[in-house]
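Colleague:
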Amino acid sequence: MTTVSEPEFRTDPAAPAGVPSEARAAAAPAAAAVERLTGVQTLTFAKALNLAMADAMEADSRVLVFGEDVGTLGGVFRVTDGLTARFGTSRCFDTPLAESGILGMATGMAMGGMRPVVEMQFDAFAYPAFEQMVSHVAKMGNRTRGQVRLPLVVRIPYAGGIGGVEHHCDSSEAYYVHTPGLTVLTPSTVADAYVMLRDAIASPDPVVFLEPKKVYFSKAEVDLDALRARYTAEGAPAGESSGGHDDGGQAAPSSTIGTAVVAREGTDATLIAYGPSVATAIAAAETAAAEGRSLQVVDVRSLVPFDDETVCAAVRSTGRAVVIAEAPGFASMAAEIAARVSERCFHSLAAPVLRVTGFDVPYPAPKLEQFFLPSVDRILDAVDDLQWED
Amino acid sequence: MPQNTIPDGEALLLPSGEPIQMIDADGGAVEQGGWKEPYVRPDDARLLSGYEHLVLGRRINDQAGALVRQGRLAVYPSSHGQEACQVAAAMVLGSEDWLFPTYRDTVAVLARGVDPVAAFQMLRGSWHAGYNPMEHKVATQATPLATQLLHAVGMAHAAKLKGEDSVVLALCGDGATSEGDFHEALNFAAVYRLPVVFLIQNNEFAISVPLSQQTAAPSLAHKGIGYGMPGERVDGNDLAALLAVLGSAVDRARGGGGPSMVEAHTYRMQSHTNADDATRYRSDAEVAQWVPRDPLTRLGRHLAAAGLLDEDVEARIAAAAESVAARLRDGLNAEVEVDPQDLFAFVYTEPTPQLREQSAFLADELARSAGATIENAEGGLR
Ligand SMILES: Cc1ncc(C[n+]2csc(CCOP(=O)(O)OP(=O)(O)O)c2C)c(N)n1
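From first to last, the protein sequence lines are chains A and B. If you count the first sequence from 1, position 69 lands on 69 in my numbering, and the numbers rise without skipping. If you count the second sequence from 1, position 119 lands on 1119 in my numbering, and the numbers rise without skipping.
(1) Closest by CA to S294 (chain A), which one among A:V353, A:S254, A:D384?
(2) Along the alpha helix (DSSP H) that carries D225 (chain A), what are the first and last residues, could you check?
(3) Against D1181 (chain B), what residues of chain A qualify as contacts under a CB-to-CB distance less than 7 Å, listed in chain order?
(4) Find the nearest neighbour of E1263 (chain B) within the set B:A1288, B:P1015, B:G1331, B:E1365, judged by alpha-carbon distance.
(5) Can you find a CB in chain A that lies within less than 8 Å of the CB of G1035 (chain B)?
(6) Would G1057 (chain B) be called buried (16 or more neighbouring beta carbons within 10 Å of its own) or exposed?
(7) Can you check whether the C-beta of L1093 (chain B) is within less than 8 Å of a C-beta belonging to chain A?
(8) What would DSSP say about V376 (chain A), mapped onto helix, strand or coil?
(9) By DSSP's criteria, I156 (chain A) is part of a beta bridge. Which residues make up the other side?
(10) What in chain B is Cβ-close to R143 (chain A), meaning under 7 Å?
(11) Roughly how many angstroms separate the alpha carbons of L1161 (chain B) and V117 (chain A), rounded to a whole number?
(12) Less than 7 Å separating the Cβ of A1176 (chain B) from some heavy atom of ligand 1?
(13) Strictly below 8 Å CB to CB, what residues from chain B border D308 (chain A)?
(14) Spell out a yes or no on whether the stretch 191-210 of chain A and the stretch 349-361 of chain A are touching, meaning 3 or more CB-CB pairs, one atom from each, closer than 8 Å.
(15) Quick one: using the 10 Å Cβ neighbour count with 16 as the cut-off for buried, is S1283 (chain B) buried or exposed?
(16) H1136 (chain B) lies in the alpha helix (DSSP H); which residues open and close that run?
(17) Would you check whether ligand 1 has a heavy atom nearer than 7 Å to the C-beta of H1272 (chain B)?
(18) Would DSSP call M1022 (chain B) helix, strand or coil?
(19) Could you tell me whether the Cβ of A1241 (chain B) comes closer than 8 Å to any Cβ of chain A?
(20) In chain order, what residues of the same chain have a beta carbon less than 7 Å from the beta carbon of G141 (chain A), not counting five sequence neighbours either side?
(21) Note down the Cα distance separating Y1131 (chain B) from T144 (chain A), rounded to an integer number of angstroms.
(22) Given 7 Å as the limit, tell me if N1203 (chain B) has its C-beta closer than that to any heavy atom belonging to ligand 1.
(23) Report the residues of the stretch 114-127 of chain A with a CB closer than 9 Å to any CB of chain B, ordered along the chain.
(24) What are the boundary residues of the alpha helix (DSSP H) that includes P1116 (chain B)?
(25) Would you please verify whether the beta carbon of H136 (chain A) is less than 8 Å from any beta carbon of chain B?
(26) Hey, L386 (chain A) and A269 (chain A) are a contact pair by Cβ (cut 8 Å); roughly how many whole angstroms apart?
(27) Note down, in chain order, every chain B residue with its Cβ under 7 Å from the Cβ of R149 (chain A).
(28) What do you get for F87 (chain A), buried or exposed, if any count of 16 or more other CB atoms within 10 angstroms of its CB means buried?
(29) Along chain A, which residues have their Cβ under 9 Å away from the Cβ of D1134 (chain B)?
(30) Spatial neighbours of R115 (chain A) within its chain, please: C-beta separation below 6 Å, excluding the five flanking residues on both sides.
(31) Please say whether T1106 (chain B) and G1173 (chain B) have beta carbons closer to each other than 8 Å?
(32) Taking 8 Å as the CB-CB cut-off, is T280 (chain A) touching chain B?
(33) Which residue marks the beginning of the beta strand (DSSP E) containing G1175 (chain B), and which one marks its end?
(34) Taking just the CA atoms, how far does R320 (chain A) sit from F306 (chain A)?
(35) Does any residue of chain A bring its CB to less than 8 Å from the CB of A1159 (chain B)?
(36) For chain A, is any of its Cβ atoms less than 8 Å away from the one on V1153 (chain B)?
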């Protein structure tokens, strides 16, 4: 008869979370800690995300990473690889298999002063967390008149183009962008993967961070020193006033939140895309250029808040627009963009705003996805329909 | 508390054979029998202070019902009959601990120190939370069932990571135990060995649905063992037993012993809310059986027998409760001023450009409307 019995697997009393037994830790090959890369590097999109988390965790001990298989394994896409090895099991740890539990716990941890960055393993497996997302994550700040803010990030690998089986390819952004209180970001380049994730982690408000799986292993050269220079030692965007709260001004210029970018200059028509569709849009613009038509590409990247200014300035400069997105088009982000552009740029438009989106069907089986996804040809056909004869 | 008699392993995880009771319905002391832990009855001074909270809680429940009838509150889910659970939940916590209540737990929220007029703003319809959760470490009253249990787990996880020894007490009803978040919360709490106490107020009904249609488990407290955490059942109308059992669970959590769940067996004496009609699903005779088990009369008799409660003390306690009720009444009778710009002000830390546009639109609309009397309407968000 003693006091409370201690579960046997809990070998390290100081480690609160997901601690493997010493025996298992000894048997498994130790994952290498995230390396301290500097200077100009060729990185994958996934590695850029990985470094963003490592740097944010280094800068701020309140930043925690957890989810399913994110610890020892390093995530099914290896985005969290080496974080546990570098920061320990109290900073990056595996959770039981329960998405609502992950997000609900993250909510409480954020209330308790932490800055959780949680991973949902796949787009469709974030749905069990939907109630927590919509009823609490999105509403807590408003409900409490700003007295309880939830600085948490929900990373969700999303969208298709990888030949994934059912439930692994959903473009689920419409659910989140329709929910006031959420910030919704989706980077499309390696540099943005780093910067936008750090901006998300630094945000005082909850961020749904949608990672296009298709580009996880695309590579680009980035100057890490320059990217890091955007942040203070504490992890805040350097351009932001330290308080951030009370100046009542616009978002600081150095944060990417709320900003779209022109990904490719062009003069004849504007392709508006985000996430996995940006690369397709750029490919379409390259093909069009060879055929003598100059297409501009805007990468929306911040779905909420939406950068009306940049998007509309781009559309006004060309007078024609096509919106491209993988998700089914009905009641979608693409529908919202088309409506906004039509309302705001009507007098600059030479043609109706067109959309190239997924069909209004569930995400198809791998052998059918080529017929579903927006393609270069489909985009160029839409461009051809923009009333050039006038 | 002597620790050497607390059982190990499964015996600790399973609840005692009967709900723990220390004071019976007539106010008599109950001797220990079949308790798995050596629970210690709180001393009478503590019970007297608890009794004051019970009387206040009952008065608040009555007052809130009246305010609904007068149209001052939209609705009120009363905890009439459950006041002992409400009061115990607050009394076992220290100032650094956290409480995660539901819509039915307003009395517990007040017992923790939240201003009554503030706490009732949610039901009054002026804003969703009503009070600042950070001030008294009381989360907002959750309506989506069982969701708050996970927030409690997260709060406890944060405390543990920060090396604090605070404890979190989370409340839910018997119906909420069927929700997935209940399962996820208990499982997470146990896996991470977090300092959380889950108090389930089993008031026998989830709106109209009786407990027998929520679970086939021998008792809700038996669910604890499935998660590897101690479960206990307690007479939910016996403040002494509640304080002892919850106090033990809080001590265990604070000492690093992990989470516990406690099922308090009580009864919802009134309809689910004023909008509900309980006669459609239960008989008056059933309700009448619970009247003699009332938590107030029972503790009152006990304290009177112990010589701590006479007419004078009773009158003083009633007067104190009356003055809080009067303050609540006055606070809710005063016209509430709302600022339409509050629609936009708090959705994000900084309003988005779209919200600024919409705020300016509303400000302009209000300025143009002939009947606009609301101040600060011009110009929208600043
Ligand atoms: C997720 C969810 N489903 C349904 C409801 C509607 N609802 C509100 S209270 C309630 C009954 C809850 O019963 P119980 O958990 O036993 O608590 P009690 O109301 O008896 O205190 C229901 C179904 C809700 N609030 N949340």
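Glycine included, C-beta positions come from ideal geometry on N, C-alpha and C.
Modeller: With the given structure in hand:
(1) From the listed residues A:V353, A:S254, A:D384, the smallest Cα separation to S294 (chain A) is found for A:D384.
(2) 224-228
(3) S100, G104
(4) The shortest C-alpha separation from E1263 (chain B) is found at B:P1015.
(5) The question names Gly, but residue 1035 (chain B) is Trp in the sequence shown. Chain A, which has no Cβ nearer than 8 Å to the Cβ of W1035 (chain B), makes this no.
(6) Its Cβ being crowded by 16 or more others within 10 Å, G1057 (chain B) is buried.
(7) No, because no Cβ of chain A sits closer than 8 Å to the Cβ of L1093 (chain B).
(8) helix
(9) A:L210
(10) H1128, A1129, T1140
(11) 15 Å
(12) yes
(13) P1353, Q1354
(14) no
(15) exposed
(16) Run containing H1136 (chain B): 1133-1136, per the alpha helix (DSSP H) assignment.
(17) yes
(18) coil
(19) no
(20) V148, R149, L150, G181, D205
(21) 7 Å
(22) yes
(23) M114, P116
(24) Its alpha helix (DSSP H) spans residues 1116-1119.
(25) Using a CB distance cut-off of 8 Å, H136 (chain A) counts as an interface residue toward chain B.
(26) 6 Å
(27) T1349
(28) buried
(29) Sequence inspection shows Met at residue 1134 (chain B); the Asp mentioned does not correspond to that position. Simply M111, T144, Q147, V148.
(30) For R115 (chain A), the CB contacts under 6 Å within the same chain, skipping 5 residues up- and downstream, are R62, V63, P151 in chain order.
(31) In this structure, the beta-carbon distance from G1173 (chain B) to T1106 (chain B) does not fall below 8 Å.
(32) no
(33) Per DSSP, G1175 (chain B) belongs to no beta strand (DSSP E) and is neither H nor E.
(34) 19 Å
(35) yes
(36) yes
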